[in-house]
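Participant:
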Amino acid sequence: MTQSAKPVAPIWCPGCGDFSVLAAVKRAAANVGIPVYELVLVGGIGCSGSIHNFIEVNGLHALHGRLLAQAVGVKLSNPSLTVVAAGGDGDGYAIGMGHFMHAFKKNASILYIVMNNETYGLTKGQASPTSQIGFEGNVEPPFHAVLAALSIPAPNFIARTFSGDPKGMTAILEEALRFNREGRGFAFVEDLSPCVTYNDTYKLWREKVLDVSKLPDYDPTNRNTMFRLVYEALDQGRVPIGVMHRPKESGPNGLEQKLVGAHPGPAQADIGLSANLGAYQKLIGSLA
Ligand SMILES: Cc1ncc(C[n+]2csc(CCOP(=O)(O)OP(=O)(O)O)c2C)c(N)n1
Ligand code: SF4
Ligand SMILES: [Mg+2]
Numbered sequence: 009m010t011q012s013a014k015p016v017a018p019i020w021c022p023g024c025g026d027f028s029v030l031a032a033v034k035r036a037a038a039n040v041g042i043p044v045y046e047l048v049l050v051g052g053i054g055c056s057g058s059i060h061n062f063i064e065v066n067g068l069h070a071l072h073g074r075l076l077a078q079a080v081g082v083k084l085s086n087p088s089l090t091v092v093a094a095g096g097d098g099d100g101y102a103i104g105m106g107h108f109m110h111a112f113k114k115n116a117s118i119l120y121i122v123m124n125n126e127t128y129g130l131t132k133g134q135a136s137p138t139s140q141i142g143f144e145g146n147v148e149p150p151f152h153a154v155l156a157a158l159s160i161p162a163p164n165f166i167a168r169t170f171s172g173d174p175k176g177m178t179a180i181l182e183e184a185l186r187f188n189r190e191g192r193g194f195a196f197v198e199d200l201s202p203c204v205t206y207n208d209t210y211k212l213w214r215e216k217v218l219d220v221s222k223l224p225d226y227d228p229t230n231r232n233t234m235f236r237l238v239y240e241a242l243d244q245g246r247v248p249i250g251v252m253h254r255p256k257e258s259g260p261n262g263l264e265q266k267l268v269g270a271h272p273g274p275a276q277a278d279i280g281l282s283a284n285l286g287a288y289q290k291l292i293g294s295l296a
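Going from the sequence shown to my numbering is simple: count from 1 and add 8.
Here you go:
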């Protein structure tokens with residue numbers, strides 16, 4: 009397969025933070041040298057989830073909150089593909105929360121990008137699980153995805169970026185894609201992506217972002233330290249960004265390695281009768 013879908017022009021509002029993510033994904037994939045026919049983008053439901061329509065790759069528009077299940081399915085069916093799932097905070101942390109938590113445990117070598125704008129942009133600005141108290145009448149404290157991710161002891165790559173820092177985002181996405189292509193497991197990157205129409209947080213985030221790698225105790229291989237640093241930054245009203253977990257484990261460690269191994273996966277397997285006659289006969293014999 010050497011062909012990919014043709015992109016259309018983005019339908020996002022001018023200034024939407026998702027434009028930075030689109031540009032960074034393209035740049036990172038090109039810098040890592042991923043051929044377009046090897047890259048699959050699985051979009052969620054929301055403004056952010058339409059990203060796969062705007063880039064020349066093969067993609068699919070998943071069910072709301074179910075993009076991770078579909079992205080893991082793509083990876084297991086053909087582990088040679090580089091699979092990126094991308095969606096919003098509503099998609100990932102509300103309807104998709106159950107799948108979100110399990111993705112860290114499963115540890116398939118896919119990249120999950122959440123464009124967090126602290127609102128449901130597509131449906132016109134309601135409160136989401138990451139909304140601040142007071143936003144659109146919200147009375148609940150915001151969910152913090154990185155703290156939740158750090159609580160799961162799996163060898164995942166975990167990072168947070170900001171659409172106002174496209175260079176930093178590109179570097180982190182590159183590292184995440186390399187991590188995936190080495191089969192090391194699940195990479196989660198939450199991008200702070202302001203919704204300029206319903207929740208314009210650009211100014212606030214520019215003032216408050218804090219690159220955790222600049223902190224004295226920074227050690228992304230140590231979950232305890234990172235949890236404390238992120239928690240303290242939040243406590244001080246800062247917005248932490250940067251690599252928050254970089255596992256020590258270096259070899260292939262992903263779910264696809266454990267379930268599919270050296271097999272090419274169902275999508276590329278020879279399912280013809282002649283190649284499989286012996287196995288079919290054995291199976292039928294076992295039922296007699
Ligand atoms: C099953 C289902 N429930 C609800 C909706 C309505 N809906 C569409 S997008 C969305 C949330 C979008 O928010 P988010 O995932 O944060 O994406 P954003 O638009 O902010 O990028 C909702 C609730 C739907 N499409 N399907
Ligand atoms: S409504 Fe918000 S999230 Fe959606 S395209 Fe516009 S700025 Fe972006
Ligand atoms: Mg959103």
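Idealized CB from N, CA, C, for every residue including glycine.
Identify whether Thr209 lies in helix, strand or coil by the three-state DSSP scheme.
Facilitator: Thr209 falls in the coil class under three-state DSSP.
Participant: Starting from Thr90 and walking both ways along the beta strand (DSSP E), at which residues does that stretch end?
Facilitator: First-last of the beta strand (DSSP E) with Thr90: 90 to 96.
Participant: Within the present structure, is the beta-carbon of Asp26 separated from the nearest heavy atom of ligand 2 by less than 7 Å?
Facilitator: Yes - ligand 2 has a heavy atom lying nearer than 7 Å to the Cβ of Asp26.
Participant: Can you say whether Val154 is buried or exposed, counting buried as having 16 or more other CB atoms within 10 angstroms of its CB?
Facilitator: Buried, by the Cβ-count rule.
Participant: Check each candidate in Asp225, Leu49, Lys34, His152 and name the one with the smallest Cα separation from His69.
Facilitator: For the residues Asp225, Leu49, Lys34, His152, the minimum Cα distance to His69 belongs to Leu49.
Participant: By DSSP's criteria, Phe165 is part of a beta bridge. Which residues make up the other side?
Facilitator: DSSP lists Ala195 as partners of Phe165.
Participant: Grouping DSSP H, G and I as helix and E and B as strand, with all else coil, what is Asp219?
Facilitator: Here Asp219 sits in strand by DSSP.
Participant: Closer than 8 Å is the cut-off here; do at least three beta carbon pairs connect the region 200 to 211 with the region 235 to 244?
Facilitator: The region 200 to 211, when compared against the region 235 to 244, does not touch it at the 8 Å Cβ threshold.
Participant: Restricting to runs no shorter than 3 residues, where is the beta strand (DSSP E) found entirely within the region 22 to 82?
Facilitator: Runs found: 47 to 51, 66 to 69.
Participant: My output table needs one value for Leu130: the three-state DSSP class, helix, strand or coil.
Facilitator: Note: Leu130 maps to coil in three-state DSSP.
Participant: Are the C-beta atoms of Asn66 and some chain C residue less than 8 Å apart?
Facilitator: This model lacks chain C altogether, as it is built from one protein chain only.
Participant: Can you tell me whether DSSP reads Phe187 as helix, strand or coil?
Facilitator: In the structure shown, Phe187 sits in a helix (DSSP, three-state: H, G or I).
Participant: Look at Gly52 and Gly106 and say whether their C-beta atoms are less than 8 Å apart.
Facilitator: Taking 8 Å as the Cβ cut-off, Gly52 and Gly106 do not qualify as a contacting pair.
Participant: DSSP on Gly280, reduced to helix/strand/coil?
Facilitator: Coil.
Participant: Contact between the region 141 to 149 and the region 194 to 201: three or more CB pairs below 8 Å?
Facilitator: No, the region 141 to 149 is not in contact with the region 194 to 201.
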